[in-house]
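Take a look at the structure below.
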Amino acid sequence: MEFAEVREYVPGDDVRAIDWNVTARTGTPHIKRFDEERELTVHFLFDASMSGAYTSRDRFKREIGAEIVALLAFSAISNNDKVGLGIFTDRMELFVPPRKGRRHVLRLVREVLAFHPEHRGSDLSVPLDHTLLALRRRSAIFVLSDFAGADFDRSLKVLARKHDVIPIVLSDPREHELADAGIVIVEDLESGRRHAVDTSDPRTRARYGEQARRRVQRLQELFRSAGVDPIAVSTDGDHVEALIRFFKLRARRRAGGR
Numbered sequence: 065m066e067f068a069e070v071r072e073y074v075p076g077d078d079v080r081a082i083d084w085n086v087t088a089r090t091g092t093p094h095i096k097r098f099d100e101e102r103e104l105t106v107h108f109l110f111d112a113s114m115s116g117a118y119t120s121r122d123r124f125k126r127e128i129g130a131e132i133v134a135l136l137a138f139s140a141i142s143n144n145d146k147v148g149l150g151i152f153t154d155r156m157e158l159f160v161p162p163r164k165g166r167r168h169v170l171r172l173v174r175e176v177l178a179f180h181p182e183h184r185g186s187d188l189s190v191p192l193d194h195t196l197l198a199l200r201r202r203s204a205i206f207v208l209s210d211f212a213g214a215d216f217d218r219s220l221k222v223l224a225r226k227h228d229v230i231p232i233v234l235s236d237p238r239e240h241e242l243a244d245a246g247i248v249i250v251e252d253l254e255s256g257r258r259h260a261v262d263t264s265d266p267r268t269r270a271r272y273g274e275q276a277r278r279r280v281q282r283l284q285e286l287f288r289s290a291g292v293d294p295i296a297v298s299t300d301g302d303h304v305e306a307l308i309r310f311f312k313l314r315a316r317r318r319a320g321g322r
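Every position in the sequence shown, counted from 1, becomes a number in our numbering once 64 is added.
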């Protein structure tokens with residue numbers, strides 16, 4: 065067992081690990097963290113809300129997300145790591161604790177591909193808070209979602225203090241730029257509400273694009289303030305290449321920029 069770091073206490077930590085000297089000096093509870101073994105725990109949080117069923121291409125965001133889970137999960141078990149899964153909407157609909165083994169990973173992939181959620185909406189704070197309490201050991205947590213919801217800032221920051229959180233932001237080109245297609249009926253996939261939009265109006269397209277840019281900017285600022293590095297994946301892009309770029313960049317950073 066090797067000493068790893070001293071960090072702030074978060075709910076769910078073992079109170080026996082509190083460093084009372086640092087706590088007294090800072091006035092904030094801190095714990096000592098030790099590395100017991102080199103194997104990693106990899107956990108996936110998969111957004112099954114209806115917004116994941118949107119696409120303007122041949123493939124849904126949810127479908128690409130499932131492929132990413134399979135790719136990373138099989139990579140993890142090749143390193144003898146444990147793998148777990150949480151599927152959520154506006155509540156945690158399924159939680160599978162981390163385990164090892166090919167049979168276990170096959171079960172997780174089947175769950176992601178075949179899962180039928182009971183609810184349409186999405187609330188990211190729910191799975192983030194649930195995972196904070198469920199996973200005691202530091203883990204790599206991949207959150208696959210379009211991050212369209214709000215009010216999960218605090219939950220993300222708290223979880224990222226204890227775990228290595230990696231948001232995988234799933235998007236579609238039409239969520240950033242509206243095509244000129246005349247009057248169309250637009251449906252909110254999570255609420256089911258519909259309304260008519262005149263996409264031939266340049267002002268409408270400009271407003272839509274500006275709102276999309278603001279959403280992206282807000283997400284970038286949120287991730288930066290939480291200290292997490294996101295992976296952007298689009299339905300018209302190469303998600304495997306996006307993953308490779310991310311891990312290469314992370315490896316260079318950890319090697320001191322070499």
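Note that the Cβ used here is the ideal one computed from N, Cα and C, for glycine as well.
Throw me the rounded Cβ distance for the V233 and D210 pair, which I believe falls under 8 Å.
Confirmed, about 7 Å.
Count Cβ pairs between the region 218-227 and the region 183-195 that sit closer than 8 Å; are there 3 or more?
Per the Cβ contact rule, the region 218-227 is in contact with the region 183-195 (3 or more Cβ pairs under 8 Å).
Quick one, which of A130, G213, H183 and R318 has its alpha-carbon nearest V304's?
Comparing C-alpha distances from V304 to each of A130, G213, H183 and R318 shows the shortest one belongs to A130.
Which of helix, strand or coil does DSSP assign to H94?
Strand.
Answer yes if the region 163-182 comes into contact with the region 143-155, meaning at least three C-beta pairs across the two stretches below 8 Å, and no otherwise.
Verdict: yes, contact present.
Three-way DSSP call (helix, strand, coil) for A319 in this model:
Annotated three-state conformation of A319 is coil, per DSSP.
Could you tell me which residues DSSP puts in a beta bridge with E72?
For E72, which the question treats as bridged, DSSP gives the partners H94.
Does T105 pass the burial test, meaning 16 or more other C-beta atoms within 10 Å, or should it be called exposed?
Per the 10 Å Cβ criterion, buried.
At the level of alpha carbons, what is the spacing between F310 and A296?
So the two alpha carbons sit approximately 9 Å from each other.
In DSSP terms, what H107 is bridged to
Answer is G148 and I205.
Just curious, the beta strand (DSSP E) that I232 is in, first and last residue?
Unbroken beta strand (DSSP E) run through I232: D228 to S235.
Report yes if the CB atom of S235 is closer than 7 Å to the CB atom of G185, and no otherwise.
Contact: no.
With V169 as the anchor, note down where its alpha helix (DSSP H) starts and where it stops.
Looking at the DSSP string, the run of the alpha helix (DSSP H) that includes V169 is R166 to A178.
Where D215 falls, given that 16 or more other Cβ within 10 Å makes a residue buried:
So D215 ends up on the exposed side.
Is the region 259-271 close to the region 200-210, with three or more CB pairs under 8 Å?
When Cβ pairs closer than 8 Å are counted between the two stretches, the region 259-271 is seen not to touch the region 200-210, the count staying below three.
Spatial distance of L158 from K146 (CA atoms):
Distance between the alpha carbons of L158 and K146 is about 17 Å.
Min CB distance L136 to chain B below 7 Å:
Within the model displayed, chain B is absent; a lone protein chain is all it includes.
Determine the burial state of V169: buried for a count of at least 16 other Cβ atoms within 10 Å of its Cβ, exposed for fewer.
Buried.
Compute the Euclidean distance between the alpha carbons of V79 and E103, then round it to the nearest angstrom.
Here the alpha carbon of V79 sits roughly 24 Å from the alpha carbon of E103.
Would DSSP call P181 helix, strand or coil?
Collapsing the DSSP output to three states places P181 in coil.
Per DSSP, V292 forms a beta bridge with which residues?
V292 pairs with nothing; no bridge assigned.
By a C-beta neighbour count over all protein chains shown, 10 Å radius and 16 as the cutoff for buried, is L313 buried or exposed?
Burial call: exposed.
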